Amino acid sequence: IVADLLDFIGDAPLVAHNAGFDFAFLNGELGACGFPPVCHRTRMVDTLQIARGKLPGAKHTLDALCNRYGIDRSHRVVHGALLDAQLLAQVYVELLGGRQIGLGLTPMSIVADTGPVAATAPRPARRPRVFAASEGELAAHAAFMKQIPDALWESAEAA
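Reading the sequence shown from the start, the letters are residues 409 to 567 in my numbering.
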C-alpha cells in the first residue's frame with residue numbers, strides 16, 4: 409500500500425489542517441515501513457496556518473471554518489479522514505479566495521454595485537500634528553549642525 413500511496417501523492421503539495429502533526433505521523437509510519445520521509449516543509453500546505461493569518465482571533469478548527477464559510481458538515485458525526493479531507497478541500501478553496509459562483513461571463517458593468525470596500529472608502533482628512541522644538545532641542549540641533557564641515561546649506565545661505 410505504501411508504494412500506491414507514494415505513487416498517488418507524487419510530488420504534489422500536500423494540504424492538511426495542522427500539517428505538522430499529520431506529516432510527522434505520516435513520515436513516522438513511512439519510516440517504520442523502511443521508506444524515507446516524503447512530507448517536507450516545502451510540500452506542506454497548512455490550512456491552520458493560513459486560517460490564522462487570514463482570520464486572527466477567530467476559531468480555526470475545521471468545524472469552525474466550515475461554519476464560517478457555510479460548508480455543510482451535517483453528515484460529520486465523528487472525525488473521519490475521508491470526510492474531513494473532503495471538508496478541508498472546500499475550506500481550502502475558501503481560504504484561497506472562495507468558490508466561483510458561476511461560469512457566466514457577465515460584464516462588470518452589469519454586476520450589482522455593492523458599494524465601496526473598506527480599503528477604498530474615503531477617510532476624513534486629519535489635521536497634521538505640529539510639535540514645536542524646545543529651546544534645549546534647538547540649541548542641541550544648532551550645536552550638532554556646526555560640527556558638519558563645509559555644509560552646503562551654509563554656502564547657500566551666504567549667497
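Every residue, glycine too, gets a C-beta built ideally from N, C-alpha and C.
Since this is a predicted model, take the numbers as computed values, not measurements.
From Gly505 to Met553, what does the alpha carbon distance come to, in whole angstroms? 54 Å
How far does the alpha helix (DSSP H) with Asp430 in it reach, from first residue to last? 427 to 440
Below 8 Å on the Cβ atoms is my guess for Tyr500 versus Val446; work out the distance and round it to an integer in Å. That pair is no contact at about 20 Å.
Could you tell me how far apart the beta carbons of Asn426 and Leu456 are, in whole angstroms, since I believe they sit closer than 8 Å? 5 Å
Taking 8 Å as the limit between beta carbons, can you name the residues of its chain near Ala497, skipping five residues before and five after? Val423
Since Ile458 and Leu490 are thought to touch, with beta carbons under 8 Å apart, how far apart are those beta carbons, to the nearest angstrom? About 22 Å; that fails the 8 Å criterion.
Should Leu495 and Arg484 be called a contact, given that it needs their Cβ atoms to be closer than 8 Å? yes
Between Phe431, Glu543, Val453, which lies nearest to Pro444 when the distance is taken from Cα to Cα? Phe431
Suppose the cutoff is 8 Å on Cβ atoms and the five residues either side in sequence are ignored; what does the same chain contact list for Ala472 look like? Ala466
Could you give the distance in angstroms between the alpha-carbon of Glu562 and the alpha-carbon of Arg531? 41 Å
Assigned exposure category for Leu470 - 16 Cβ within 10 Å defines buried: buried
Name the DSSP bridge partner or partners of Met452? Leu422
Using 7 Å as the cut-off, classify the Cβ of Asp558 as near or not near the heavy atoms of the ligand ADP, replying yes or no. With respect to small molecules bound, the structure shown includes none, and the ligand ADP cannot be examined in it.
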